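>
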Amino acid sequence: MMRLVAPGLLATFALLAAACGGDDGGDPTPTTGATASSPTLAATAASSATAAPTPTHPPATAADAALAAAAMKYNAIIRPATEPCSRDNPRGQPCAWLSSPAASAERGVLAIGVSAASGNGGFVAIYGRNGAGAWDLWFPTQNQSYHVWNLPADMAVCADGDGLNVRRAPGADSPIITLLKDTTRVRAEEFVLTAPASGEKQGTGWYRVSSPVEGWAHSSFLSDGKLNDCSLRDFQVKQ
-19 MMRLVAPGLL
-9 ATFALLAAAC
1 GGDDGGDPTP
11 TTGATASSPT
21 LAATAASSAT
31 AAPTPTHPPA
41 TAADAALAAA
51 AMKYNAIIRP
61 ATEPCSRDNP
71 RGQPCAWLSS
81 PAASAERGVL
91 AIGVSAASGN
101 GGFVAIYGRN
111 GAGAWDLWFP
121 TQNQSYHVWN
131 LPADMAVCAD
141 GDGLNVRRAP
151 GADSPIITLL
161 KDTTRVRAEE
171 FVLTAPASGE
181 KQGTGWYRVS
191 SPVEGWAHSS
201 FLSDGKLNDC
211 SLRDFQVKQ
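Using my numbering, read the sequence shown as starting at -19 and increasing by one per residue.
1. Let me know the secondary structure DSSP gives residue 86 once reduced to three states.
2. Going by C-alpha to C-alpha distance, which of 218, 138, 122 sits closest to residue 202?
3. Closest to residue 69 by C-alpha separation, out of 95, 82, 87, 210, would be which residue?
4. Within 8 Å, do at least three Cβ pairs link the stretch 116 to 131 to the stretch 145 to 155?
5. How long is the line joining the alpha carbons of residue 161 and residue 50, rounded to whole angstroms?
6. Using beta-carbon positions only, say whether residue 106 and residue 47 come within less than 8 Å of one another.
7. Reducing DSSP to helix, strand and coil, say where residue 143 ends up.
8. Kindly indicate which three-state DSSP category residue 131 falls into: helix, strand or coil?
9. Checking the sheet assignment: what are the DSSP bridge partners for residue 187?
10. So, are the CB atoms of residue 110 and residue 184 less than 8 Å apart?
11. When DSSP builds the beta bridges, which residues end up paired with residue 119?
12. Answer yes or no: does any C-beta atom of chain C fall closer than 8 Å to that of residue 48?
13. Please tell me whether residue 170 and residue 212 are closer than 8 Å, where the distance is taken between their beta carbons.
14. For the ligand FAD, is there any heavy atom lying closer than 7 Å to the beta carbon of residue 81?
15. Classify residue 112 as buried or exposed, calling it buried when 16 or more other Cβ atoms lie within 10 Å of its own Cβ.
16. Could you give the residue range of the alpha helix (DSSP H) that holds residue 211?
17. Looking at the secondary structure, which residues open and close the beta strand (DSSP E) in which residue 47 lies?
18. How is the beta strand (DSSP E) around residue 158 delimited, first residue to last?
19. Have a look at residue 146 and residue 187 and give me their C-alpha separation to the nearest angstrom.
20. For residue 43, tell me which candidate among 54, 86, 75, 206 has the shortest Cα-Cα distance.
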């Protein structure tokens, strides 16, 4: 199982900045800020001379495809969280496993657990599927997030008082269907990644919502409905 690092090791993590990159709320340029911490494991794996095995056949499911993409990015061994990462792992590679129901992948987003071979330094990599069907990193985190990746789910509009534009397609240039006021409850059905994480910047994505109107809304202006208010979202985007 993934174990969180001790507080003293958190200084080794690089802070990820949330990059919104789209016209979503009443203002075309949203506030950005930190939402998650990424372990140095990510950078270490990316520069490792030992490449992860290349699949010999296409992944059977969307979840398999997402997991394979994460394994390639972090040079990780795909292994269930219930098995020790150090077992039969002479090169000391990280391990990756599904951290959310495989069915979530069918809706375009999935959480993947990653840890060092020792079991320390664990984090969750949130992967999204783009419009072409390919999987890439949305953002990694060790913290609670206002984003939702187990869909469908209830969410709330948190757009700094400006309201949220619901559009016909996932993109800032798509026609606007309507403007939803802040705190409006919506039902998120699926997710599409429009730009992957880059360096220390979080990726960009859109949720397809089914109520109170059908359309697409930018992920930076929707918060997990279970949180009841926008305080976590407002805190994270302003860091």
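Where is the CB? At the ideal position from N, CA and C, for every residue including glycine. Because the structure is a prediction, the values reported are computed rather than measured.
In this structure, then:
1. Here residue 86 corresponds to residue number 106 of the sequence shown, with the count starting at 1. DSSP places residue 86 in the helix class (H, G or I) of the three-state scheme.
2. Taking the sequence shown and counting its residues from 1, the one referred to as residue 202 is at position 222. Out of 218, 138, 122, 138 has the C-alpha closest to the C-alpha of residue 202.
3. As a first step, residue 69 must be located in the sequence shown, where it is residue number 89. Looking from the CA of residue 69, the closest CA among 95, 82, 87, 210 belongs to 95.
4. Cβ pair count under 8 Å is below three, so no.
5. Mapped onto the sequence shown, residue 161 falls at position 181. Mapped onto the sequence shown, residue 50 falls at position 70. Each residue's Cα considered, the two are about 36 Å apart.
6. Along the sequence shown, one-based indexing puts residue 106 at 126. Along the sequence shown, one-based indexing puts residue 47 at 67. Residue 47 is positioned such that its CB atom lies no closer than 8 Å to that of residue 106.
7. Position 163 of the sequence shown, counted from the start, is the residue given in the question as residue 143. Correct three-state label for residue 143: coil.
8. Walking along the sequence shown from the start, residue 131 turns up at place 151. In the structure shown, residue 131 adopts coil according to DSSP, grouped into three states.
9. For this step, residue 187 is matched to residue 207 along the sequence shown. Bridge partners of residue 187: 171, 197.
10. In the sequence shown, the residue the question calls residue 110 occupies position 130. In the sequence shown, the residue the question calls residue 184 occupies position 204. Taking 8 Å as the Cβ cut-off, residue 110 and residue 184 do not qualify as a contacting pair.
11. Here residue 119 refers to the residue found at position 139 of the sequence shown. Paired residue(s): 106.
12. Of the protein chains in this structure there is only one, and it is not chain C.
13. Against the sequence shown, residue 170 aligns to sequence position 190. Against the sequence shown, residue 212 aligns to sequence position 232. 8 Å or more divides the Cβ of residue 170 from the Cβ of residue 212.
14. The ligand content of the structure shown is nil, which means the ligand FAD is not present either.
15. Numbered from 1 along the sequence shown, position 132 holds the residue referred to as residue 112. Residue 112 counts as exposed, since fewer than 16 other C-beta atoms from the protein chains shown sit within 10 angstroms of its C-beta.
16. Counting from 1 along the sequence shown, the entry for residue 211 is found at position 231. DSSP places residue 211 inside the alpha helix (DSSP H), whose first and last residues are 211 to 217.
17. Here residue 47 refers to the residue found at position 67 of the sequence shown. That residue, residue 47, is in no beta strand (DSSP E); its alpha helix (DSSP H) goes 42 to 54.
18. Walking along the sequence shown from the start, residue 158 turns up at place 178. Residues 156 to 160.
19. Reading the sequence shown from its first residue, position 166 is the one you call residue 146. Reading the sequence shown from its first residue, position 207 is the one you call residue 187. Within the model, the alpha-carbon separation for residue 146 versus residue 187 is close to 10 Å.
20. Sequence index remark: in the sequence shown, residue 43 carries index 63 (1-based). Taking residue 43 as reference, the option from 54, 86, 75, 206 with the minimal CA-CA separation is 86.
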